[in-house]
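For reference, the structure discussed in these notes is given below.
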Amino acid sequence: MSHAIEVQNLTKIYPGSGEGFLAVDKINFTVDRGEIFGFLGPNGAGKSTTQRMLTTLLTPTEGQILVLGHDLAQNSYPAKRQIGLVPEESNVYTELTAWDNLMFTGRIYLMSKADRTARAEELLKDFGLWENKDVKAENFSKGMKRRLSIAMAIIHKPALLFLDEPTPGLDVQSTRAIQTLIRQLSAEGTTVFMTTHQIEEANQLCDRVAIINYGKIAAIDTPEKLKQTFQQVQSVEIAFTSSPEGLKEKLTTLPEVSTVLKIGDKWRLYTDSPPDLLPLLMRFSEKEKLDIVSLNTLAPSLEDVFLQITGQQVGSVSEGPSQQKADRRRKKGKQS
Amino acid sequence: MKIFWKRIKDELSQAWVVTLKDIKVYYLRPGMIMFGFLMPFFMFFSFSVRREMAAGEGMSRLLALTIFFTAAAAGPFIIPTERRLGTYDRLLAAPMSLFTLLLGKIAVGAFFAIVVSSIAAIVGILFLDAAIAHPALMIVGIFIGSFTFSTMGLIFGSIPTRNPGDVQMPSTLIRWVLLFVSGVFVPLSEMSTVARGISYISPLTYAQDLMNHAVLGTGELALWLNLSVLFLSGIIFLLPSIKLHKRGRVLGY
Numbered sequence: 001m002s003h004a005i006e007v008q009n010l011t012k013i014y015p016g017s018g019e020g021f022l023a024v025d026k027i028n029f030t031v032d033r034g035e036i037f038g039f040l041g042p043n044g045a046g047k048s049t050t051q052r053m054l055t056t057l058l059t060p061t062e063g064q065i066l067v068l069g070h071d072l073a074q075n076s077y078p079a080k081r082q083i084g085l086v087p088e089e090s091n092v093y094t095e096l097t098a099w100d101n102l103m104f105t106g107r108i109y110l111m112s113k114a115d116r117t118a119r120a121e122e123l124l125k126d127f128g129l130w131e132n133k134d135v136k137a138e139n140f141s142k143g144m145k146r147r148l149s150i151a152m153a154i155i156h157k158p159a160l161l162f163l164d165e166p167t168p169g170l171d172v173q174s175t176r177a178i179q180t181l182i183r184q185l186s187a188e189g190t191t192v193f194m195t196t197h198q199i200e201e202a203n204q205l206c207d208r209v210a211i212i213n214y215g216k217i218a219a220i221d222t223p224e225k226l227k228q229t230f231q232q233v234q235s236v237e238i239a240f241t242s243s244p245e246g247l248k249e250k251l252t253t254l255p256e257v258s259t260v261l262k263i264g265d266k267w268r269l270y271t272d273s274p275p276d277l278l279p280l281l282m283r284f285s286e287k288e289k290l291d292i293v294s295l296n297t298l299a300p301s302l303e304d305v306f307l308q309i310t311g312q313q314v315g316s317v318s319e320g321p322s323q324q325k326a327d328r329r330r331k332k333g334k335q336s
Numbered sequence: 337m338k339i340f341w342k343r344i345k346d347e348l349s350q351a352w353v354v355t356l357k358d359i360k361v362y363y364l365r366p367g368m369i370m371f372g373f374l375m376p377f378f379m380f381f382s383f384s385v386r387r388e389m390a391a392g393e394g395m396s397r398l399l400a401l402t403i404f405f406t407a408a409a410a411g412p413f414i415i416p417t418e419r420r421l422g423t424y425d426r427l428l429a430a431p432m433s434l435f436t437l438l439l440g441k442i443a444v445g446a447f448f449a450i451v452v453s454s455i456a457a458i459v460g461i462l463f464l465d466a467a468i469a470h471p472a473l474m475i476v477g478i479f480i481g482s483f484t485f486s487t488m489g490l491i492f493g494s495i496p497t498r499n500p501g502d503v504q505m506p507s508t509l510i511r512w513v514l515l516f517v518s519g520v521f522v523p524l525s526e527m528s529t530v531a532r533g534i535s536y537i538s539p540l541t542y543a544q545d546l547m548n549h550a551v552l553g554t555g556e557l558a559l560w561l562n563l564s565v566l567f568l569s570g571i572i573f574l575l576p577s578i579k580l581h582k583r584g585r586v587l588g589y
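As you go down the protein sequences, you meet chains A and B in turn. For the first sequence, the numbering used here begins at 1 and goes up steadily by one. For the second sequence, the numbering used here begins at 337 and goes up steadily by one.
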């Protein structure tokens, strides 16, 4: 059985005046059928550019894309019939009612009247929009528009669903509803390709994740395997009854500690070896006359892995090596 | 062969769905009313006031003007607006050809022009006592002209941008220029040889002459020439639109 997505040497250079901007640099990856695949990266890393190429909205400069076994450069029509797209901004027609938005999409996807009517009713009920089906979308909240946008993308039961940043800016209920829906779609056999910079969401939802940075795939694996690969970003989290001035500097000088972060009323100390650090912390608290409220060892989170891979120190706001950014601007003539 | 005809039927049905959606969403938007409905009437009255003009002559000019301005107003307004809102991506990602999408968009402008010019014709007949020499020819002319000029408007709408203002300014400017060289306000028979030569480049010249044939029963150019040029222009205008859309996909619009 072929993959849902196969990408080979995919490259995108945006034309510019004399120079081109290398947005995606010869990336290769596959997405298996039925899996939830997370595509992570910082802003400007090439996530949306890649997704736009996979959904035929953007022409690649180089490389091959197979979607559900169909080469997009040869004939995108069969693939387009089987994909659904939820862009970052909810692109519903605000002048139309929720019902009319779904009917329009159903007709564009050549569904029969009976099918699109039944499916629209099912989706509106599932998404909690049934009572507002005759209300124009301009009166909807952000969460309602998002749900309607997703409903429009799956009305034709696509085999492959692309989601661009599915939940940012939504309230907890809407976020949870959308995450539940993604799991449900996956359980029903739909392949989900989601770009996100919400690491924890990817950690909870995705079977595998790819991390793209400066237009290149920096890592691709299951979230747990990625975390195991980055054991150097283990940490110990400690809370004291008080935080006297200069505490951070003192904690930084402890052996085994690479970085110290203040997170709320807690201190997170990154280390290669939590067992060695724990007795040192006990002695430190006695010496400094600080009472410990809580003490926990933490395995690396996907966010830690992400920050390591993207060249950002944990706890810093560094944008990464400037040379890599400069390399993405290059003369078009240098491209093969 | 059966599959081929099924696909054609599907694509035509999708183009029609796009047209119906745009009619619902955009016909009453201020941009469409301003540039597509009010502007041709304002222009006509501003150029006609205090001029001696027979009812038929005035109606012929008004029809050519409304067909031209109204049909060409839709593309430059709707497509950049949809690009800005992200709804155009929905259409581009849908299982239909680019030609089908453009056909749907052309029909939006064309139907708008047909409705507005029909209103102009009814007003002319009922209130100005204008006589129509060849009503059937007028209807054919309105249809062909509307589709041709809607396709022309689509060229501007296809320019890769998300800001309707970037497109509406140049499209309005070019429409104004065409208006003055096309025998709408100065008849072809009164033009100098050079001006007349320039006017033959503009498809609006043929639309105006076609309306003269239909309303007044006489024109400067052969009827078949007017119809052929308008029809062919409509097809030729599609080519830059397709090319600009492909360019938009390279640039990321």
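No residue lacks a Cβ here, since even glycine has one placed at the ideal position from N, Cα and C.
Task: Three-way DSSP call (helix, strand, coil) for A:Thr297 in this model - done: Of the three classes helix, strand and coil, the one that applies to A:Thr297 here is strand, per DSSP.
Task: Beta-carbon proximity list for A:Asn101, same chain, < 7 angstroms, skipping 5 on both sides - done: Excluding residues within five positions, the ones whose Cβ falls inside 7 angstroms are Val92, Tyr93, Ala137, Leu148, Met152.
Open item on the list: By the three-class DSSP mapping on this structure, what secondary structure does A:Asn91 have?
Closed with: Coil.
Task: Contacting positions in the segment 74 to 108 of chain A - beta carbon closer than 7 angstroms to chain B - done: Residues of the segment 74 to 108 of chain A with a C-beta less than 7 angstroms from any C-beta of chain B: Tyr77, Lys80, Arg81, Leu85, Pro87, Glu89, Asn91, Tyr93, Glu95, Leu96, Phe104, Arg107, Ile108, listed in chain order.
TODO: Excluding the 5 residues preceding and the 5 following A:Phe230 in the sequence, name in chain order all residues of the same chain whose CB lies nearer than 6 angstroms to its CB.
DONE: A distance below 6 angstroms between beta-carbons, with the five flanking residues on each side excluded, links A:Phe230 to the following residues of its chain, in chain order: Pro300, Val305, Gln308.
- [ ] Tell me where the beta strand (DSSP E) around A:Ala218 begins and ends.
- [x] Note, A:Ala218: beta strand (DSSP E), 216 to 221.
TODO: May I ask which residues mark the beginning and end of the beta strand (DSSP E) holding A:Trp130?
DONE: From DSSP, A:Trp130 is part of no beta strand (DSSP E); its letter is neither H nor E.
Open item on the list: Is there a Cβ of chain B sitting closer than 8 angstroms to that of A:Tyr214, yes or no?
Closed with: Taking Cβ atoms only, chain B never reaches closer than 8 angstroms to A:Tyr214, which makes this a no.
Open item on the list: Against chain B, does A:Thr56 count as a neighbour if the rule is that its beta carbon must be under 8 angstroms from one of theirs?
Closed with: Yes, A:Thr56 counts as interfacial toward chain B.
Open item on the list: Using only the alpha-carbon positions, how far apart do B:Phe377 and B:Ser396 sit?
Closed with: The straight-line gap from Cα to Cα measures roughly 13 angstroms.
Task: Spatial neighbours of A:Glu123 in its chain, beta-carbon cut-off 6 angstroms, leaving aside the 5 residues before and after - done: For the sequence presented, residue 123 of chain A should be read as Leu rather than Glu. So the list reads Ala151, once near-sequence residues are dropped.
TODO: Go ahead and pull the three-state DSSP assignment for A:Lys157.
DONE: Collapsing the DSSP output to three states places A:Lys157 in coil.
Open item on the list: Quick check: A:Leu54 and A:Phe140, are their CB atoms within less than 8 angstroms of each other?
Closed with: No, the Cβ-Cβ distance between A:Leu54 and A:Phe140 is not below 8 angstroms.
- [ ] Using a Cβ-Cβ cut-off of 8 angstroms, state whether A:Arg15 counts as contacting chain B.
- [x] Here residue 15 of chain A turns out to be Pro, not Arg, going by the sequence shown. Yes, because at least one Cβ of chain B sits closer than 8 angstroms to the Cβ of A:Pro15.
TODO: Determine the chain A residues that contact B:Asp346 at a beta-carbon separation under 9 angstroms, and present them in chain order.
DONE: Ordered by position in chain A, the residues that pass the 9 angstroms Cβ test against B:Asp346 are Leu110.
Open item on the list: Using the three-state DSSP reduction, which class does B:Val354 fall into: helix, strand or coil?
Closed with: The answer is helix: DSSP assigns B:Val354 an H, G or I state.
TODO: Assign B:Met505 to buried or exposed, taking buried as 16 or more other Cβ atoms, counted over all protein chains shown, within 10 Å of its Cβ.
DONE: Flag for B:Met505 reads exposed.
- [ ] Closer than 7 angstroms by beta-carbon distance: list the chain B residues that pair up with A:Thr59, in chain order.
- [x] Those are Arg585, Val586, listed as they occur along chain B.
Open item on the list: Rounding to the nearest angstrom, what Cα-Cα distance links B:Ser577 and B:Gly489 in this structure?
Closed with: Straight through space, the alpha carbons of B:Gly489 and B:Ser577 are spaced by roughly 9 angstroms.
TODO: At 9 angstroms on the CB atoms, spell out the chain A contacts of B:Val444, in chain order.
DONE: Within chain A, no residue comes near B:Val444; the closest Cβ sits about 14 angstroms away, beyond 9 angstroms.
Open item on the list: Does B:Asn548 pass the burial test, meaning 16 or more other C-beta atoms within 10 Å, or should it be called exposed?
Closed with: It counts as buried.
TODO: Compare the C-beta of B:Gln593 with all C-beta atoms of chain A and state if any pair is closer than 8 angstroms.
DONE: The first residue shown for chain B is 337 and the last is 589, placing residue 593 of chain B beyond what the model contains.
TODO: Mind reading off the beta-carbon distance from B:Ile480 to B:Leu563? Whole number of angstroms is fine, and I expect it under 8 angstroms.
DONE: For a cut-off of 8 angstroms, the C-beta gap from B:Ile480 to B:Leu563 is around 7 angstroms, short enough to register as a contact.
Open item on the list: Output needed for A:Asp164: all residues of its chain with C-beta closer than 7 angstroms, excluding positions within five of it in sequence on either side, in chain order.
Closed with: A distance below 7 angstroms between beta-carbons, with the five flanking residues on each side excluded, links A:Asp164 to the following residues of its chain, in chain order: Ser48, Gln51, Val86, Pro87, Glu88, Thr195.
Open item on the list: Is there a C-beta anywhere in chain A that falls below 8 angstroms from the one on B:Thr423?
Closed with: Yes, B:Thr423 counts as interfacial toward chain A.
TODO: Provide the residue(s) that pair with A:Leu10 in DSSP beta bridges, ordered along the chain.
DONE: Note: A:Leu10 sits in a beta bridge opposite A:Ile27.
TODO: Kindly indicate if chain A contains any beta-carbon less than 8 angstroms away from that of B:Lys579.
DONE: Contacts with chain A at 8 angstroms (Cβ-Cβ) do not include B:Lys579.
TODO: Measure the CB-CB distance between A:Lys266 and A:Glu237 and report whether it falls below 8 angstroms.
DONE: Cβ atoms of A:Lys266 and A:Glu237: closer than 8 angstroms.
Task: B:Val586, enclosing alpha helix (DSSP H) - first and last residue - done: B:Val586 -> alpha helix (DSSP H) spans 559 to 587.
Task: Beta-ladder partner(s) of A:His70, from DSSP - done: Bridge partners of A:His70 according to DSSP: A:Val67.
Open item on the list: I need the boundaries of the alpha helix (DSSP H) containing B:Phe405, first residue and last residue.
Closed with: Where B:Phe405 is concerned, the enclosing alpha helix (DSSP H) stretches over 391 to 421.
- [ ] Measure the beta-carbon distance from A:Leu72 to A:Thr56 and round it to whole angstroms, keeping in mind my assumption that it falls under 8 angstroms.
- [x] About 6 angstroms; that satisfies the 8 angstroms criterion.
TODO: State yes or no: is the beta carbon of B:Arg426 nearer than 8 angstroms to at least one beta carbon in chain E?
DONE: In the structure shown, chain E cannot be found, because the protein chains are A and B.
Task: Exposed unless 16 or more other CB atoms sit within 10 angstroms - verdict on A:Asn213 - done: Result: buried.
Open item on the list: In whole angstroms, give me the CA-to-CA distance for A:Val233 and A:Arg176.
Closed with: Going from the Cα of A:Val233 to the Cα of A:Arg176 covers about 29 angstroms.
TODO: Note down, in chain order, all residues in the segment 346 to 360 of chain B with a beta-carbon under 7 angstroms from any beta-carbon belonging to chain A.
DONE: Only those residues of the segment 346 to 360 of chain B whose C-beta falls short of 7 angstroms from the nearest C-beta of chain A are listed: Asp346, Gln350, Val353, Lys357, Lys360.
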